[in-house]
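Structure first, commentary second.
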Amino acid sequence: MVWCREQDSLFPYTMRRHMTYLVCTTLTDEYELALEGKTQPPVNIDDLLYKTYHLMALTQVHFATVRCRQQHSCLRKQMASTSARPGTLVESAGYMRSNDALKWKDIELYMVKHPEDPTCQTLLMRVRHRLNKGKRNKGVAPVFTYTERNDNLGLCVIQDILEFGFLDDAFASEHIKTPRDIWRYTHVPAHRLSTPIHFKESVQDIPIFRRAVKDSEGKWVTHPTRALPYQKAQEDEVATSRSDGSQTPGSLYKYRKGAAANLRHLDEHSRNNIMGHRRSSTFAYYVQVQDDTQSAFMETPTRDALMKLATNSGLTRDASVPQELSHERKKELENDVELKNLKRKRDTLRAELIAVYHQLQKARGTDLYTEFQKTQNKIRSERKKLYTTAKDEQHESFFKNVGNRIIERNYQGKTTTFEPDTSHVVPERKALADLEFKNRDVDKINDTELLEDRIQSLEMRLALHRLEVPKTLQKRIRFDKPSSDKACEGSIPLKSESGLECPVCLGCSDMHPKAKRYRYARKDTLQRHFKTHRLWQKFRNSRTCDYPGCETILHSLPQYEYHQNTAHNILL
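Every number in our numbering is 58 more than the matching position in the sequence shown, counting from 1.
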């Protein structure tokens, strides 16, 4: 492929034959390469509904920002709705640093009159897939249409795009500033069938799915222009699929495969256009046997519900699968011979550094300190490898023996139950999920109620972006118990009672109240956390004290720390 692209010509036929023989015979035999294919069951609508709800309300997988979690949910839904490859929507691994992904210029949003009821107005969205494989930015790109989903707002892609539009301040009209404005000012004139909702020219070339980066103070934010890379989206997919209990986490392509299973009734030209295939034979790789061949032979009615269950990933899913290693298992891994040797070497180097330089920081830049750092990195790498392998084995062992455990408990007369632990999940996530996943018959519900639910959903989504919880505090804060700290319930006194709160976190406007007012156990723990904010030694444009209610202007980090100690009783 690289040769063809660089030479702008086809690969010579003889060379192709030699290359095929080299890969399929010589290298395969020499390195004992596996020839079997890895299959993953496709995802149907029931699986997508479960996964989307779990991602929004239950998962404890950490996302750098709230937007990262919402983006991943939207990516899943778009792939399942259009059979798009992930590289069509996010930055493809084959085009890294191109920053080309689904952009605002690819979106057309309309408020339209419903053809079946002209008095009813509904949102409609058209999305252009410019980056289909083999036709990136070439020819006429296929355009897919999305309509409102009011039965389950959590499955509505339009709702996600509206959310991202408000976060990016992307709407061209100066009158659209709140969710209610979308329906307040877009009434369709009598002589038209639609009211276009335009996006600003300044955001046209900005990707919709964007990566998270750390700002100058070490805080995770959404990058203003850089696209989300496929590799990161794939890592999030594996982590969240393990979290929701999938036996085989698979890749993002399982959503494309699930969409393909519902395109079998179309003619081959339509399928090729939708899925971006050049040859109709490629479609066969995406479709498993999903027909009730037994009933066909027996000449009995097909059992579609059972076939639907048997051929999709939900058949073996079990959310009770352990997500973390036990303390006993971690202790066993710490006794690994290679890991113990590395730790012994690190301790020896540390003792030598302290003997010569008295403090580790004074030894920076020396060869001995460099070797010490390399050893520390090797320890982290080896520990991570051991833990990952142990988690994979634990995951595999659970599903290999889960049937025997269920049978054993049934034999003993005990029921097998599971209740997910949501004590460390922000309760606002659960409230939003309960609103968006009602699974209702919209024909029996008043249009006004549907509209109010949609507006409330958008408002709750936008409010959720101001309730961030840092990764270090995610497992420390329990949201299922009322706070014993009176400060969390009212205003914060000008002098801290404990002196163990972080002043920078107290001043953050987009953190959850329990996170920003978290009290650290010791002063040294607080001081280590404070350093992660990476404040400059000298503030370029001065800095107002972050402590709530204090307006003191400060000019340097030493002055900032002295002020926190004297004015607010916080020793940094």
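Every residue, glycine too, gets a C-beta built ideally from N, C-alpha and C.
Residue i - containing beta strand (DSSP E), residue span
i: D175; result: D175 to R186
i: Y204; result: V201 to T205
i: A291; result: No beta strand (DSSP E) contains A291, which is instead part of the alpha helix (DSSP H) from Y288 to S301.
i: K272; result: R268 to K272
Opening and closing residue of the alpha helix (DSSP H) in which residue i lies
i: P561; result: P561 to L564
i: P237; result: P237 to R242
i: A285; result: Not the alpha helix (DSSP H): A285 falls in the beta strand (DSSP E), residues W278 to A285.
i: L367; result: D362 to A368
i: T447; result: D425 to Y469
i: P485; result: P485 to E494
i: K315; result: Y311 to A319
i: M154; result: Where M154 is concerned, there is no enclosing alpha helix (DSSP H), given that its DSSP letter is neither H nor E.
i: E386; result: H385 to E392
i: S139; result: V124 to T140
i: R586; result: K581 to K589
i: D66; result: Note, D66: premise wrong, no alpha helix (DSSP H); not H, not E.
i: V414; result: V395 to Y415
i: D104; result: I103 to A115
Residues that DSSP places opposite residue i in a beta bridge
i: K633; result: Residue 633 is absent from the model: the chain starts at 59 and stops at 630.
i: K634; result: Absent from the structure is residue 634, since the part of the chain shown begins at 59 and ends at 630.
i: M569; result: E526
i: I255; result: L167
i: R74; result: In the DSSP output, where bridge partners are listed per residue, R74 has none listed.
i: F229; result: F257
i: E635; result: With the chain running from 59 to 630 in the structure shown, residue 635 is simply not present.
i: K161; result: P265
i: T602; result: I611
Where residue i falls, given that 16 or more other Cβ within 10 Å makes a residue buried
i: I631; result: There is simply no residue 631 to check, as the chain begins at 59 and stops at 630 in what is shown.
i: L80; result: exposed
i: D501; result: exposed
i: N623; result: exposed
i: I550; result: buried
i: C82; result: exposed
i: Y204; result: buried
i: Y108; result: buried
i: C178; result: exposed
i: F222; result: buried
i: S50; result: A question about residue 50 goes unanswered here, because the residues of the chain that appear run from 59 up to 630.
i: Y605; result: buried
i: E547; result: Summary for E547: the model assigns pLDDT 49, below 50, so the residue's position carries little reliability, and this model does not support an answer.
i: K574; result: buried
Residue closest to residue i, alpha-carbon to alpha-carbon, out of the options
i: T530; options: R498, K553 and L584; result: L584
i: Y212; options: E295, R467, R300 and D511; result: Checking the displayed sequence, the identity of residue 212 turns out to be Gly instead of Tyr. Nearest C-alpha to G212: D511.
i: C560; options: D273, R577 and Y243; result: R577
i: V483; options: M114, A448 and R441; result: M114
i: I480; options: T446, T433, Y445 and F537; result: It should be noted that the sequence gives Thr, not Ile, for residue 480. Nearest of T446, T433, Y445 and F537 to T480, Cα basis: F537.
i: P176; options: L251, Y153, D105 and L508; result: L251
i: D105; options: T360, V395 and T369; result: T369
i: K449; options: P485, K398, L508 and S384; result: S384
i: C126; options: F267, Y168, H187 and T236; result: F267
i: K315; options: I535, V101, L558 and Y605; result: V101
i: K235; options: V246, L220 and H245; result: L220
i: P380; options: K581, H453 and M365; result: H453
i: K553; options: R361, K191 and C608; result: C608
i: N330; options: R375, T180 and A199; result: A199
i: L147; options: I264, M365, L509 and N435; result: I264
i: V271; options: S156, L286 and P237; result: L286
i: H187; options: P254, I332 and E390; result: I332
i: D226; options: T253, R586, E259 and A625; result: E259
i: K572; options: L593, P485 and F495; result: P485
i: Q128; options: C214, L367 and D66; result: C214
Residue i and residue j closer than 7 Å at C-beta
i: A159; j: E149; result: yes
i: H29; j: G276; result: Beyond the ends of the chain as shown, which are 59 and 630, falls residue 29; an answer cannot be given.
i: G630; j: E619; result: The sequence shown places Leu at residue 630, rather than the Gly named in the question. Taking 7 Å as the Cβ cut-off, L630 and E619 qualify as a contacting pair.
i: V201; j: R184; result: yes
i: R134; j: Y313; result: yes
i: R300; j: R284; result: no
i: L426; j: L418; result: no
i: T474; j: I464; result: yes
i: Y111; j: A491; result: yes
i: A228; j: W162; result: yes
i: H570; j: L525; result: yes
i: Y243; j: H233; result: yes
i: D302; j: H130; result: no
i: P99; j: S371; result: yes
i: L444; j: D499; result: no
i: K596; j: S614; result: yes
i: T117; j: T298; result: yes
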